[in-house]
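Take the sequence shown: its letter number 34 is residue 46 in the numbering used here, and every next letter is one higher.
Working notes, beginning with the structure itself.
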Amino acid sequence: MQQLTVRGSSGMVTIPKDHLRRDGVIDDDFPDDFSQSVVVDRLARGEYLVRLVDDGEVPDLRDSDAVQQAAAQLVFEEDYRGRATAD
């Protein structure tokens, strides 16, 4: 579990190196000149989505795997409820 800490006037949390390695953000350790821009979106109370920004292009929130999975789950549940109540 990570800890939310204060840095200046913002909250800060770290991303485990293992996660960054798995996603190919770093190879083994952080290079001396490492820098990566990110966008943090607040999705709901206590829920945030962190996305890496490549070449200055902010990925569309709708293209996020997490958002697409949540949307698909909602569609599935609505379809299931509609069929269940019609039977």
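Using N, Cα and C, we set each Cβ at its ideal position, and we do this for glycine too.
If you're wondering where the values come from, they're calculated on a predicted model, not measured in any experiment.
Where residue i falls: helix, strand or coil (DSSP)
i     : result
ASP66 : strand
ASP91 : helix
GLN81 : helix
Enclosing alpha helix (DSSP H) for residue i [first to last residue]
i     : result
ARG19 : No alpha helix (DSSP H) holds ARG19; the beta strand (DSSP E) holding it covers 17-19.
LEU32 : 29-34
Same chain, Cβ closer than 8 Å to residue i, five either side skipped, listed in chain order
i     : result
ASP41 : LYS29
Beta strand (DSSP E) segment containing residue i, residue limits
i     : result
SER76 : First-last for SER76: undefined, no H or E at that position.
MET24 : 22-24
Integer Cβ distance of residue i from residue j, believed to fall under 8 Å
i     : j     : result
GLN50 : VAL37 : Note that residue 50 is Val in the sequence shown here, rather than Gln. Actually they do not touch by this definition, with Cβ atoms about 10 Å apart.
7 Å Cβ shell around residue i - same chain, five flanking residues per side excluded
i     : result
GLN48 : VAL37, LEU64
Sequence-distant residues of its chain with Cβ nearer than 6 Å to residue i (five each side left out)
i     : result
MET24 : THR17
Ignoring anything shorter than 3 residues, give me the beta strand (DSSP E) runs that lie fully in the region 36-61, in order along the chain.
Assignment of beta strand (DSSP E) within the region 36-61, counting only whole runs of 3 or more residues, yields 50-56 in chain order.
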